[in-house]
Amino acid sequence: MRRFTHFLALCALTLVAACGQDSSPKPEPAQAGPALWQVSRGPMKGWLFGTIHVLPKGVAWETPTISDAMAQADRLVLEAADLQDEQKTLALFEQMGRSPGLPPLDQRVPEEDQVALVKAVADGGTSTQMLSGYESWAAAMLLSAASQQALKVSQDDGVEPVLIAAFKKAGKPIGGLETVERQFAAFDTLPDAAQAKLLVQTVRETKDMKALFDHILTAWRKGDMEAIAKEDQNGEQPDPVVEEAVLVARNRDWVKAIEPMTGRPFIAVGAGHLTGRENLIELLKAKGFTVTRVQ
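Put into C-alpha cells, the structure is as follows:
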C-alpha cells in the first residue's frame with residue numbers, strides 16, 4: 001500500500017505495502033474474500049495471493065477457493081522465506097539500521113512537524129533518544145511499528161504465519177522471492193535526502209494509522225483492489241526515489257525470480273505490490289504470463 005506507515009507494518013518488514021502508486025486497476029466486481037489470481041506460463045501454473053502482513057486476532061480470510069489453491073500448490077513462495085526468523089531479522093535490522101555520529105532525531109524533522117514527532121514517539125512508547133541511534137529509514141520503521149501497538153494487530157496474526165503452518169504441515173517446501181537482506185537494503189541504500197523524507201512522512205501519517213488500516217483491511221477482505229489502489233493515492237505522495245527503490249525495483253526483481261519457476265507455486269506477497277505503476281501483475285503479463293483473477 002502506498003502510505004509508508006502501512007508499508008512498514010512489520011518493523012522487520014514485509015515492507016511494502018506502502019510506497020506510492022500512480023495508477024489504479026480497472027474496476028472489479030465485489031469478491032467474497034481476499035484477491036487471488038491464477039498465474040501460468042509454460043510449465044508453471046500457480047497462484048498469486050495478495051496478503052496483509054499484520055492483522056487483528058480472529059480475522060477469517062481463508063475461503064474455500066484459497067484453501068483449494070493451497071492444497072493443489074506444490075510449494076509456498078513468500079516475499080522472503082527467512083523473514084519469519086525473528087532473531088535473524090532483528091540482528092540484520094540492528095546491523096544495517098544503525099550508524100555512528102547521526103544527528104539527533106528531532107534535528108532530522110522540520111520545525112512544523114516537531115509536535116507530531118513528539119506525539120508519535122510518546123504514543124509508540126519509545127523515545128527520540130533511542131531512535132536517534134538509527135538511520136532515518138530505520139527510525140521511521142520503528143516509529144511505524146510502535147504506532148501499530150495501539151491497533152492491536154500483530155505479525156503473528158497476519159497471513160504469512162498461517163500459510164507457513166499449512167505448507168509445513170503438508171510437508172511442502174517454502175521459499176522466497178528475495179532475502180531479508182535485500183528488503184532492508186532497499187531502504188539502507190536510499191540517499192540521505194530520501195530517507196529524511198520517509199521519516200517526515202511517517203511522522204505525519206502515524207496519527208491516521210487506525211483509519212488507514214481499517215480502510216485497507218475492509219477492502220482487502222472483500223478483494224476490492226480498486227479501493228486499495230485509491231487508498232494508496234490518499235495523503236502525501238512518496239518520493240519517486242523511494243517508490244522506485246522500495247517498490248518498483250523489487251517488483252522487477254520478483255518477476256525475474258518467478259520467470260524460471262515450474263510446477264504449482266503459491267506465491268504470496270503484500271497486496272500493495274499488486275496495484276499501481278509497474279505492479280507485479282502488469283509486469284508478469286508483460287513477460288507472457290497469463291494472470292486470471294479467480295477470487
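Quick note: the sequence shown, position 170, residue 170 per this note's numbering, numbers continuous.
Every residue, glycine too, gets a C-beta built ideally from N, C-alpha and C.
Backbone secondary structure at residue i - three-state DSSP
{"i": "Q31", "result": "At Q31, the pLDDT of 46 sits below 50, so the modelled position is not reliable; the number obtained from the coordinates is stated separately. If DSSP states are grouped into helix, strand and coil, Q31 belongs with coil."}
{"i": "K152", "result": "coil"}
{"i": "S127", "result": "coil"}
{"i": "F40", "result": "The amino acid at residue 40 is misidentified as Phe; the sequence shows Ser. Three-state DSSP puts S40 in a strand."}
{"i": "A18", "result": "Low per-residue confidence applies at A18: pLDDT is 34, beneath 50, and the placement is therefore not dependable, though the value from the model is reported in the following sentence. DSSP places A18 in coil when its eight states are reduced to three."}
{"i": "F213", "result": "helix"}
{"i": "R277", "result": "coil"}
{"i": "V291", "result": "strand"}
{"i": "D224", "result": "coil"}
{"i": "V118", "result": "helix"}
{"i": "T65", "result": "helix"}
{"i": "A170", "result": "coil"}
{"i": "V162", "result": "helix"}
{"i": "P260", "result": "coil"}
Supposed contact pair residue j and residue i - C-beta distance, whole angstroms, cut 8 Å
{"i": "Q295", "j": "L36", "result": "4 Å"}
{"i": "D82", "j": "G176", "result": "7 Å"}
{"i": "S144", "j": "T89", "result": "Contact flag wrong, Cβ pair sits at about 15 Å."}
{"i": "A194", "j": "V242", "result": "5 Å"}
{"i": "V39", "j": "G46", "result": "5 Å"}
{"i": "D253", "j": "E178", "result": "6 Å"}
{"i": "D348", "j": "A140", "result": "Because the chain in this structure spans residues 1 to 295, residue 348 falls outside the shown range and cannot be described."}
{"i": "A211", "j": "A219", "result": "With 8 Å as the limit, A211 and A219 do not qualify as a contact, their Cβ atoms being about 13 Å apart."}
Bridge-paired residues (DSSP) for residue i
{"i": "A80", "result": "E178"}
{"i": "P265", "result": "R75"}
{"i": "F49", "result": "L36 and A268"}
{"i": "R98", "result": "Y134"}
{"i": "L55", "result": "S154"}
Three-pair Cβ contact test at 8 Å for the stretch 261-277 versus the stretch 74-81: With a cut-off of 8 Å, the stretch 74-81 and the stretch 261-277 count as touching, because enough Cβ pairs lie within range.
Alpha helix (DSSP H) runs contained entirely in the stretch 172-196, provided each spans 4 or more residues: Counting whole runs of 4 or more residues, the stretch 172-196 contains the alpha helix (DSSP H) stretches 180-188.
contact_flag[the stretch 130-139, the stretch 159-175] where n(CB pairs < 8 Å) is 3 or more: Contact fails between the stretch 130-139 and the stretch 159-175, because fewer than three Cβ pairs, one in each stretch, are under 8 Å apart.
At least 3 beta-carbon pairs within less than 8 Å: the stretch 32-51 vs the stretch 268-275: Cβ pair count under 8 Å is three or more, so yes.
Sufficient close CB pairs (3 or more, under 8 Å) joining the stretch 54-68 to the stretch 238-248: Not touching, per the Cβ criterion.
Given 8 Å, three or more beta-carbon pairs between the stretch 278-291 and the stretch 93-101: The answer is no - the stretch 93-101 does not touch the stretch 278-291, with fewer than three Cβ pairs under 8 Å.
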